[in-house]
Amino acid sequence: MKMKKLVTTSFVALSVFALAACGTSNEESSGDSDAKRVGVLQIVQHGSLDAAYEGFKEGLAEGGYKEGENLVIDYQNAQNNQDNLKSMSEKLVKDKSDLLLGIATPAAQSLANETQDIPIVVTAVTDLAEAKLVDSNEKPGRNVTGTTDMVPDISKQTDLLLSIIDNPKTIGIMYNAGEANSKIQASLAKEALEKAGVEVKELTANTTNDVQQVTTSLAKDVDGIYIPTDNTFASAATVVGEVAKETKTPIVAASIEQVEAGGLATYGIDYESLGKQTGLMAAKILDGDATPSTTPVEYANELKLVVNEEMAEALGIDPASIKAPE
0 MKMKKLVTTS FVALSVFALA ACGTSNEESS GDSDAKRVGV LQIVQHGSLD AAYEGFKEGL
60 AEGGYKEGEN LVIDYQNAQN NQDNLKSMSE KLVKDKSDLL LGIATPAAQS LANETQDIPI
120 VVTAVTDLAE AKLVDSNEKP GRNVTGTTDM VPDISKQTDL LLSIIDNPKT IGIMYNAGEA
180 NSKIQASLAK EALEKAGVEV KELTANTTND VQQVTTSLAK DVDGIYIPTD NTFASAATVV
240 GEVAKETKTP IVAASIEQVE AGGLATYGID YESLGKQTGL MAAKILDGDA TPSTTPVEYA
300 NELKLVVNEE MAEALGIDPA SIKAPE
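As structure tokens, this is what we get:
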């Protein structure tokens with residue numbers, strides 16, 4: 000979902016370091032019996048992860064693998080259901096995919112639990128080593144590699160939030176404590192905010208049904224809110240945005256898609272671009288020019304400052320006053 004008014008600026012180069020619970024395949028459309036088979040498992044449908052999948056296909060195409068020509072993709076979406084993750088992972092492995100893609104940590108872990116032989120690339124995973132998908136991010140040592148959605152310096156995002164608010168005293172952080180990726184980012188954000196001299200209040204939501212209540216409750220007690228790349232809150236980003244407008248609460252979210260759907264601003268990752276990086280990595284593996292075990296995990300090549308102009312106007316903030324952190 001895209002807001003009508005959106006401002007995107009400040010590209011910065013950086014170093015290389017989750018529809019229904021069913022799948023779709025383009026096998027019938029491929030005229031090449033030797034086409035490569037790629038199995039995709041996504042944890043849930045929301046803007047960031049959908050963008051990562053689209054970018055992945057773009058990267059594969061740029062690397063020489065196009066659907067309908069020499070590539071068959073079997074796409075599975077678990078709809079945030081653990082039972083679906085298990086059965087879909089088993090199916091993709093049983094179907095003898097040439098390569099697997101895991102989108103978000105639970106999907107990546109589910110695929111890795113099913114095979115140690117089929118090459119796996121992952122994306123939208125905050126820390127592959129912490130998730131026990133690789134031996135280390137620099138030297139994976141297994142059949143898994145990919146891209147991380149960890150912003151190299153989360154303080155850039157928290158600094159952005161603080162710069163928007165006059166004399167901030169208390170900042171809130173919202174996330175799902177059951178998502179390992181969110182816990183890591185929330186901890187780093189809290190550390191950065193406390194270092195900046197503000198009080199931090201945290202509230203968590205276990206499901207999207209809890210998001211409205213949690214956002215409303217937290218917004219009453221804080222000057223602004225930070226949200227990491229959390230699948231639960233990303234899936235309910237429009238709900239967060241409605242509460243933000245009602246309570247006049249500035250919200251910096253970690254991803255561009257969350258901001259487009261209901262945040263104020265971010266200095267964050269373009270998930271389509273991140274997915275494209277992953278697709279290019281996958282193409283090299285399919286070519287036989289690389290192996291997951293020796294391919295370092297990559298960070299996003301760029302960050303963007305994105306301002307939701309419509310939200311800024313609703314909050315009484317001049318969009319032009321929001322600048323990228325130095």
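Residue numbers (numbering that gives the first Met the number 0): 0 to 325.
All C-beta atoms in this analysis are idealised placements derived from N, C-alpha and C, irrespective of residue type, glycine included.
Treat the numbers as computed from the prediction; the structure is a model and nothing was measured.
Own chain, CB closer than 8 Å to residue i, minus 5 neighbours either side, in chain order
{"i": "Asp317", "result": "Ala311"}
{"i": "Ser162", "result": "Ile321, Lys322 and Pro324"}
{"i": "Ala282", "result": "Gly58, Leu59, Glu61, Gly62, Gly63 and Tyr64"}
{"i": "Val242", "result": "Gln211, Thr214, Thr215, Ala218 and Thr248"}
{"i": "Asn220", "result": "Just to set this straight, residue 220 is Asp in the shown sequence, not Asn. Excluding positions up to five away in sequence, the list reads Thr169, Gly171 and Lys200."}
{"i": "Ser28", "result": "Any reading at Ser28 needs caution, since the residue's pLDDT is 45, under 50, leaving its predicted position unreliable; the model's value is listed next. Result list for Ser28: Glu66 and Gly67, in chain order."}
{"i": "Ser272", "result": "Gly54, Ala299, Asn300 and Glu301"}
{"i": "Ser96", "result": "Arg36, Val37, Gly38, Asp73 and Ile117"}
{"i": "Asp94", "result": "Arg36, Gly38 and Asp73"}
Alpha-carbon to alpha-carbon, residue j and residue i
{"i": "Gln184", "j": "Ile284", "result": "30 Å"}
{"i": "Leu202", "j": "Glu89", "result": "35 Å"}
{"i": "Glu129", "j": "Gly177", "result": "14 Å"}
{"i": "Leu84", "j": "Leu91", "result": "11 Å"}
{"i": "Thr237", "j": "Ala260", "result": "5 Å"}
{"i": "Asp288", "j": "Lys65", "result": "18 Å"}
{"i": "Tyr74", "j": "Gln211", "result": "31 Å"}
{"i": "Asn76", "j": "Asp49", "result": "10 Å"}
{"i": "Glu118", "j": "Ala188", "result": "According to the sequence displayed, residue 118 carries Pro and not Glu. When rounded, the distance between both Cα atoms is 33 Å."}
{"i": "Leu98", "j": "Thr169", "result": "46 Å"}
{"i": "Leu70", "j": "Gln44", "result": "23 Å"}
{"i": "Tyr266", "j": "Lys303", "result": "5 Å"}
{"i": "Glu308", "j": "Leu314", "result": "10 Å"}
{"i": "Ile226", "j": "Pro151", "result": "16 Å"}
{"i": "Thr293", "j": "Leu127", "result": "14 Å"}
{"i": "Ile268", "j": "Val239", "result": "19 Å"}
{"i": "Val37", "j": "Ile72", "result": "5 Å"}
{"i": "Pro291", "j": "Gly278", "result": "13 Å"}
{"i": "Leu263", "j": "Asn180", "result": "22 Å"}
{"i": "Asn300", "j": "Gly54", "result": "13 Å"}
{"i": "Gly34", "j": "Lys56", "result": "A small fix is needed here, since residue 34 is Ala in this sequence, not Gly. Whole-angstrom Cα-Cα distance: 15 Å."}
{"i": "Tyr298", "j": "Leu132", "result": "16 Å"}
{"i": "Asn208", "j": "Lys182", "result": "19 Å"}
{"i": "Thr206", "j": "Asp286", "result": "40 Å"}
{"i": "Ala319", "j": "Thr228", "result": "25 Å"}
{"i": "Asn410", "j": "Thr147", "result": "Not covered by the structure: residue 410. The range shown for the chain is 0 to 325."}
{"i": "Asn175", "j": "Gln276", "result": "27 Å"}
{"i": "Ser186", "j": "Ala204", "result": "16 Å"}
Same chain only: Cβ atoms within 6 Å of residue i, ignoring 5 sequence neighbours per side
{"i": "Ser47", "result": "Ala233, Ser254, Glu256 and Tyr270"}
{"i": "Val121", "result": "Gly101, Ala107 and Gly145"}
{"i": "Val280", "result": "Note that residue 280 corresponds to Met in the displayed sequence, not to Val. Only Val120 meet the Cβ criterion."}
{"i": "Leu160", "result": "Gly223, Tyr225 and Val251"}
{"i": "Val305", "result": "Thr7, Ile255, Val258 and Thr265"}
{"i": "Thr114", "result": "Val92"}
Own chain, CB closer than 7 Å to residue i, minus 5 neighbours either side, in chain order
{"i": "Tyr52", "result": "Val39, Gln41, Ile102 and Gly274"}
{"i": "Ile164", "result": "Asp222, Gly223 and Pro249"}
{"i": "Ala191", "result": "Ile153, Ser154 and Thr157"}
{"i": "Glu193", "result": "Val199"}
Top-ranked residue by Cα proximity to residue i, from the options
{"i": "Gly196", "options": "Ser154, Ser320 and Met173", "result": "Ser154"}
{"i": "Ala235", "options": "Ser272, Met173, Val306 and Ala107", "result": "Met173"}
{"i": "Val124", "options": "Asp220, Gln115, Met149 and Ser272", "result": "Met149"}
{"i": "Thr215", "options": "Tyr225, Ser272, Glu190 and Glu245", "result": "Glu245"}
{"i": "Gln78", "options": "Asn230, Lys35, Lys131 and Glu198", "result": "Asn230"}
Point to revise | Uninterrupted alpha helix (DSSP H) stretches inside the stretch 214-248 (no shorter than 4 residues) | key: 230-234 and 236-246
Point to revise | Meets three-Cβ-pair contact criterion under 8 Å: the stretch 128-142 and the stretch 252-259 | key: no
Check your understanding: Which ranges does the alpha helix (DSSP H) cover as unbroken runs of at least 4 residues, wholly within the stretch 53-115, from first to last along the chain?
Key -> 81-93 and 104-113
Practice item. Flag this pair as touching only if the stretch 120-138 and the stretch 153-168 have three or more C-beta atom pairs under 8 Å; answer yes or no. Key: no
Exercise for review: Please specify which runs of the beta strand (DSSP E), each continuous and at least 3 residues long, are wholly inside the stretch 110-175, giving them in chain order.
Suggested key: 119-124, 143-147 and 169-174
Practice item. Evaluate contact between the stretch 103-110 and the stretch 69-87, counting only Cβ atoms and requiring at least three cross-stretch pairs below 8 Å. Key: yes
Review point. What are the uninterrupted segments assigned as beta strand (DSSP E) that are 3 or more residues long and contained completely in the stretch 250-295, given in chain order?
Key: 250-252 and 264-268
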